[in-house]
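K.L.:
Have a look at the structure that comes next, please.
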Amino acid sequence: LVVNLPIRMDDGGLVNFAGYRVQHVLTMGPTKGGLRFSPTVSLGECAALAMWMTWKCALLGLPYGGAKGGVRCDPRALSAAELERITRRYTTEMIPVIGPEKDIPAPDMGTGDREMAWIYDTYSQAIGHSAPAVVTGKPPEIGGTVGRRTATGLGVVHVLEEVLRHRGRSVEGLRVAIQGFGNVGEAAAFRLHALGARVVAVGDADGGLSAPGGLDVPAVACWIADHGSFAGFPGGDGLGAAEVLEVPAEIVIPAATARQITSANAACLDCEIVVEAANGPTTPAADAILADRGVTVVPDILANAGGVTVSYFEWVQSRQRLGWSLAEVENRLRGQLRAAFAAVLAASERLDVDLRTAALAVAIDRVAGAATSRGVFP
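In terms of the numbering used here, the sequence shown has 9 at position 5, counting the first letter as 1, and numbering is strictly consecutive.
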């Protein structure tokens, strides 16, 4: 569904924004996927990400098909009031295709619990009663799940721990470089720092920091909160945004945006394992280069599936009007990711393929099995 959103701006002017929602596969159940606000949003991007979500949900055993939506705008250039008008108008246009049993949006790039609350309220007003299960990633005060904000980052760490455990190692003492310091990268950095890893580099679109002995992650987060950037932080050396990926480390975690590891820089990575915390951070050409160099790539549909998994937990709780504790959410998340990694590892060994091919094989086989079971009608 492609929509046009005429929005009255704060200065009284009228601006039209393009909005999209793509549903990929309905075989497994209602569709599930994020809503992003970004200047680069397009129908093609939403279609690709919706397909990604199908495989991700199937791999994790979630009863969903894939979906994705977005509005082409720059949220950093808009006021809160303008963002609210965009979100509510977008929701109104999407009412025919979204719902607790149809398609459940969630936060993504440029959106968060605030926007999800606006969607919940707008949809509920339209249908005449509260429908908390229409969206996930809501504030806890209105039915959101504790731990949802950090779920993707924690999931990245859980999957990395499984990869290392299979190799007889632990994260303690290992060097980690993380590109991206938003919800995902920051949460992963905090957990890895707490587990004894040395976070030797972090960065975002504006630059980064490195320290061979490891950065004080809580101090970095406080500095960002106070100063708005990494610039001037006394406990590390400044880096360019792209250089973060090339800092020597056992583990590199691209947690920013797509297409960050390409044929131009894949040979420059000095690591053993790449854990894809972002969607599509590695191009096919870079994948081939990393494989030739013996670098293990943990694919995005496995590594960053923590967010949609906890979104599923929230959807279940919203439908049952029942809350879970943080400990229960994290234990269930860890168990779900461990099972998914075990299935991927088994497929990799059985088919003699890399982890990305194995993950896709498991996911596609599950969707195909569901379609076969449902049969053809009429």
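Built from N, CA and C at the ideal position, the CB exists for glycine as well.
Within the same chain, show all residues whose beta-carbon is closer than 7 Å to that of E318, passing over the 5 residues directly before and after it, in chain order.
P.N.:
Cβ within range, chain order: T140, G148, T149, R152.
K.L.:
Buried or exposed, going by whether 16 or more other CB atoms sit within 10 Å of the CB of S83?
P.N.:
Its Cβ having fewer than 16 others within 10 Å, S83 is exposed.
K.L.:
Use the C-beta contact count for E105: other C-beta atoms within 10 angstroms, 16 or more gives buried, fewer gives exposed.
P.N.:
Exposed, by the Cβ-count rule.
K.L.:
Considering only the alpha carbon of each residue, which of V160, G116, H28, R173 lies closest to R338?
P.N.:
Nearest C-alpha to R338: V160.
K.L.:
Smallest Cα separation from P100: which of E334, R25, H133?
P.N.:
If we check each option's Cα against that of P100, R25 comes out closest.
K.L.:
Below 8 Å on the Cβ atoms is my guess for Q264 versus P288; work out the distance and round it to an integer in Å.
P.N.:
Q264 to P288, Cβ: 14 Å. No contact.
K.L.:
If we cut at 7 Å on Cβ distances, does A346 have a partner in chain B?
P.N.:
Here there is only one protein chain, and chain B is not present.
K.L.:
Looking at the secondary structure, which residues open and close the beta strand (DSSP E) in which I182 lies?
P.N.:
From DSSP, the beta strand (DSSP E) with I182 extends over 179-183.
K.L.:
With Q129 as the anchor, note down where its alpha helix (DSSP H) starts and where it stops.
P.N.:
Here the alpha helix (DSSP H) through Q129 covers 117-131.
K.L.:
Give me the Cα-Cα distance between G298 and A292, rounded to the nearest whole angstrom.
P.N.:
Answer to the nearest angstrom: the Cα atoms are 10 Å apart.
K.L.:
My output table needs one value for V75: the three-state DSSP class, helix, strand or coil.
P.N.:
Residue state, collapsed to three classes: strand.
K.L.:
Going by the beta-carbon positions, is the gap between G211 and A245 smaller than 7 Å?
P.N.:
In this structure, A245 lies closer than 7 Å to G211 by Cβ.
K.L.:
Between G73 and G37, what straight-line distance do the alpha-carbon atoms span, to the nearest angstrom?
P.N.:
Roughly 7 Å between the two C-alpha positions.
K.L.:
Considering only the beta carbon of each residue, do L294 and A270 sit closer than 7 Å?
P.N.:
Result yes, Cβ atoms of L294 and A270 sit closer than 7 Å.
K.L.:
To which residues of the same chain is R202 closer than 6 Å at the C-beta, ignoring the five residues directly before and after it?
P.N.:
Here the set comprises R179, G218.
K.L.:
Please state whether DSSP places S42 in a helix, a strand or coil.
P.N.:
Three-state DSSP puts S42 in a strand.
K.L.:
Consult DSSP for R342 and reduce its assignment to one of helix, strand or coil.
P.N.:
Note: R342 maps to helix in three-state DSSP.
K.L.:
Rounded to the nearest angstrom, how far is the Cβ of G23 from that of V75, given a contact under 8 Å?
P.N.:
That pair is a contact at about 5 Å.
K.L.:
Roughly how many whole angstroms lie between the Cα atoms of I108 and P216?
P.N.:
One C-alpha to the other measures close to 43 Å.
K.L.:
Taking the alpha-carbon of R12 as reference, which of F345, Q340, T91 has the nearest alpha-carbon?
P.N.:
Considering only alpha carbons, the answer is T91.
K.L.:
Determine the extent of the alpha helix (DSSP H) in which P288 is found, giving its start and end residues.
P.N.:
Unbroken alpha helix (DSSP H) run through P288: 288-296.
K.L.:
Are there 16 or more other CB atoms within 10 angstroms of the CB of G311, so buried, or fewer, so exposed?
P.N.:
Counting Cβ neighbours within 10 Å, G311 comes out buried, since at least 16 surround it.
K.L.:
Mind checking R360: buried by the 16 CB within 10 Å criterion, or exposed?
P.N.:
R360 is buried by the Cβ-count criterion.
K.L.:
Keeping to the same chain, check which residues put their C-beta closer than 6 Å to that of A155; ignore five residues upstream and five downstream.
P.N.:
The residues are G310, G311, V314.
K.L.:
Do you know offhand how far N308's Cα is from A362's?
P.N.:
For N308 and A362, the distance between alpha carbons rounds to 16 Å.
K.L.:
I'd like to know if the region 38-51 and the region 107-123 are in contact, where contact means that at least 3 CB-CB pairs between them fall below 8 Å.
P.N.:
Yes, since at least three Cβ pairs between the region 38-51 and the region 107-123 fall closer than 8 Å, the two stretches touch.
K.L.:
Kindly give me the distance between the Cβ atoms of I305 and W56, rounded to whole angstroms, as I take these residues to be in contact under 8 Å.
P.N.:
Indeed they touch by this definition, with Cβ atoms about 6 Å apart.
K.L.:
Classify C50 as buried or exposed, calling it buried when 16 or more other Cβ atoms lie within 10 Å of its own Cβ.
P.N.:
C50 comes out buried.
K.L.:
Going by DSSP, what residue range makes up the alpha helix (DSSP H) through P10?
P.N.:
P10 -> not in any alpha helix (DSSP H); beta strand (DSSP E) instead, spanning 6-12.
K.L.:
Looking only at its chain, what residues have a beta carbon closer than 6 Å to the beta carbon of P136, apart from the 5 residues adjacent to it on each side?
P.N.:
Hits under 6 Å: G147, S322.
K.L.:
Return the CA-CA distance between A198 and R169, expressed in angstroms with no decimal places.
P.N.:
Those two C-alpha atoms are separated by around 18 Å.
K.L.:
Identify which residue in G207, R378, L5 has its Cα closest to the Cα of M98.
P.N.:
Of the listed residues, the one whose Cα sits closest to M98 is L5.
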